[in-house]
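Participant: End of the sequence shown = 209 in our numbering, gap-free, step of one. Each residue gets a CB set at the ideal place from its N, CA and C atoms; glycine is no exception. Small disclaimer: the values here were computed from a predicted structure and weren't measured.
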Amino acid sequence: MEKIASFTIDHIKLQPGVYVSRKDTVGTEAITTFDLRMTSPNEEPVMNTAEMHTIEHLAATFLRNHPQYKDKTIYFGPMGCRTGFYLLLAGDYTSKDIMPLMIEMYEFIRDYKDEVPGASPKDCGNFRDMNLPMANYLANKYLEQVLYKIDDSRLTYPQ
């Protein structure tokens with residue numbers, strides 16, 4: 051079987067960043083998939099499910115309420131390896147195009163202190179698996195170590 055595109059990225063060289071993972075076309079609409087890599091694969095500990103689950107709830111809520119991107123957000127969810135998230139947007143985008151959105155979203159997550167949206171037995175199949183303080187911490191770490199000082203080396207996959 052042919053390797054899928056995401057398995058052809060050199061995860062030894064891959065560092066935290068915002069990468070275009072792939073571009074697809076559905077009908078006449080372009081769909082851009084972003085790799086929001088928050089930890090260094092195979093070097094740093096992976097994120098725990100509770101904080102990833104919390105980030106997922108907060109980011110999805112943020113994106114689906116964003117005045118510019120709510121109708122362009124297709125999906126936001128965790129990577130199985132627990133080193134980051136995938137964001138799918140309707141449209142043909144580059145990583146640089148979404149940097150203001152990513153900074154705004156991760157600042158929202160960093161600063162969020164209320165009840166996590168959808169964290170109830172009626173709304174979520176695993177509502178107890180949440181860790182808001184750790185989600186706040188990880189969002190701040192990603193902002194400080196990656197997003198606020200991002201350069202081209204963290205916007206394009208390593209060769």
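#1: Measuring straight from C-alpha to C-alpha, what distance separates Lys163 and Gly77?
#2: So, does the segment 57 to 66 touch the segment 193 to 208, judging by three or more C-beta pairs under 8 Å?
#3: What does Val70 pair with, by DSSP beta-bridge criteria?
#4: Can you tell me where the alpha helix (DSSP H) with Ile105 in it begins and where it stops?
#5: How is the alpha helix (DSSP H) around Leu138 delimited, first residue to last?
#6: Given a cut-off of 8 Å on the beta-carbon distance, is the pair Val166 and Thr104 in contact?
#7: Taking Tyr136 as the reference, give the member of Asp121, Phe158, Leu113 with the closest Cα.
#8: Just verifying my parser: in three-state terms, what is the DSSP assignment at Ile59?
#9: Residue ranges of each alpha helix (DSSP H) run of no fewer than 4 residues wholly in the segment 149 to 190, ordered along the chain?
#10: Checking the sheet assignment: what are the DSSP bridge partners for Tyr125?
Facilitator: Quick answer:
#1: Distance between the alpha carbons of Lys163 and Gly77 is about 40 Å.
#2: Short answer: they touch.
#3: When beta bridges are read from the DSSP output, Val70 appears opposite Phe84.
#4: Run containing Ile105: 99 to 115, per the alpha helix (DSSP H) assignment.
#5: First-last for Leu138: 134 to 140, but that is the beta strand (DSSP E), not the alpha helix (DSSP H).
#6: Contact flag set, yes.
#7: Out of Asp121, Phe158, Leu113, Leu113 has the C-alpha closest to the C-alpha of Tyr136.
#8: If DSSP states are grouped into helix, strand and coil, Ile59 belongs with coil.
#9: Entirely contained in the segment 149 to 190, the alpha helix (DSSP H) runs reaching 4 residues are, in chain order, 149 to 161.
#10: The partner list for Tyr125 (beta bridge, DSSP) reads Leu138.
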